[in-house]
Amino acid sequence: MLPPDAPYSPWVLAAVLLALVGGLAWRALRGGRTRYRRFARLRGTAKRQRTYRRWLLESLLVMGGGSLAVLALAHPYVPLLRDQVESNPVVQHLRAGFAASGAVGPNVVAAVLLLLIGVTVGGVLAVRQEDVEGGIPSVGDISALLPRNRAELRYGALLSVNAGVVEELMFRLAVPALVFGVTGNAIVAIVVALALFGALHIYQGVAGVIGSTVIGALLMGVYLATGSIAWAMLLHALIDLRSLVLIPAVVLRVHRVAPGRPARERATTPPPLDT
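The opening residue of the sequence shown carries number 142 in my numbering; numbering runs sequentially from there.
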């Protein structure tokens, strides 16, 4: 770990930051888009499941391992960044209200999460058959990612929980701490982290980048308001579970589709909804 008062620390962190940004940029601009187009052309579930497994392992190694490596160097900057953020009057007001609420604050957060889940469930249950045939409305192009049978649905759940953990470690803790160690400015650190998080979703198109940036800002706000990364991880996982598990299961009924069913039939004819 690099001591914040060492004169060489910002230079080391700057080199790590350049390497990290370069790797994420390549992953988003070339690897992400190319791999997503290839994945969208896959029809056999065996190949899709192999790709899910590879993505899950890569995410654990690249995002999870990368986050831990960065935090091993820049962890002393996490409390310094948080102190600068908490000196902001708006954040002070939010944190003070949350702390003074005792058990009410966490209960309110939990109630909001349950409300979001309830609204989502009610919305997808209200989707009519013609809406399914016309495509599932979403922010960004994620149609190819949606699981198509029971086996793929399990990977949707694993990918969602994994993203909730490793992406929050990377973009709410590691990257902001790294940028703060270089610039000493909390606002710059947060903006850069949000921009990188949004850019990582460029394979989903412009709408996906914008939507992901907005969601990233919401997750950053949850982390800063509560002071706990666990709440941001939970909310992130729930958002992804909604897209990769809840909608495919409730709307497309993929949990009723056996993996051996022909890919063309699964892709073009979703199971009928009850009327």
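Heads up, the beta-carbon is just placed ideally off N, CA and C, and yes, glycines get one too.
Cβ pair residue i, residue j closer than 9 Å
| i | j | result |
| --- | --- | --- |
| leucine 222 | methionine 142 | no |
| alanine 378 | serine 208 | no |
| phenylalanine 312 | glycine 357 | yes |
| isoleucine 343 | valine 333 | no |
| arginine 168 | leucine 341 | yes |
| glycine 164 | valine 203 | yes |
| alanine 285 | alanine 181 | yes |
Neighbourhood of residue i by C-beta, 7 Å cutoff - its chain only, sequence neighbours within 5 removed
| i | result |
| --- | --- |
| leucine 130 | Nothing about residue 130 can be read from this structure; the chain reaches only from 142 to 416. |
| alanine 156 | none |
| leucine 158 | Leu319, Val320, Val323 |
| alanine 160 | none |
| alanine 373 | Glu309, Arg313, Leu360, Val363, Tyr364 |
| leucine 299 | Leu197 |
| alanine 327 | Leu222, Gln225, Val226, Phe321 |
| leucine 201 | Asn303, Val307 |
Rounded separation between residue i and residue j - CA only
| i | j | result |
| --- | --- | --- |
| valine 398 | valine 232 | 48 Å |
| valine 302 | aspartate 381 | 8 Å |
| tyrosine 149 | isoleucine 283 | 43 Å |
| valine 306 | serine 228 | 27 Å |
| alanine 417 | serine 369 | For residue 417 there is no data in the structure shown, the boundaries of the chain being 142 and 416. |
| threonine 354 | alanine 292 | 30 Å |
| alanine 304 | phenylalanine 338 | 12 Å |
| valine 329 | valine 162 | 15 Å |
| proline 144 | leucine 154 | 11 Å |
| arginine 176 | alanine 371 | 30 Å |
| proline 230 | glycine 205 | 33 Å |
| lysine 188 | serine 384 | 21 Å |
| leucine 376 | glutamine 190 | 25 Å |
| glycine 346 | isoleucine 331 | 23 Å |
Cut-off 6 Å between Cβ atoms - residues of its own chain near residue i, not counting five sequence neighbours on either side
| i | result |
| --- | --- |
| histidine 216 | Met142 |
| tryptophan 137 | Outside the modelled stretch of the chain, which goes from 142 to 416, sits residue 137, for which no answer is possible. |
| glycine 173 | Tyr344 |
| threonine 192 | Phe180 |
Spatial neighbours of residue i in its chain, beta-carbon cut-off 8 Å, leaving aside the 5 residues before and after
| i | result |
| --- | --- |
| arginine 194 | Tyr296 |
| leucine 212 | Val219, Leu310, Leu314, Ala315, Ala318 |
| alanine 147 | none |
* Ranges of the alpha helix (DSSP H) found wholly within the stretch 308-382, counting only runs of at least 4 -> If one requires a minimum length of 4 residues, the alpha helix (DSSP H) runs lying completely within the stretch 308-382 are 316-324, 327-340, 347-367, 370-382, in chain order.
* **Residue ranges of each alpha helix (DSSP H) within the stretch 183-246, 4 or longer** => Counting whole runs of 4 or more residues, the stretch 183-246 contains the alpha helix (DSSP H) stretches 186-199, 207-215, 218-227, 230-241.
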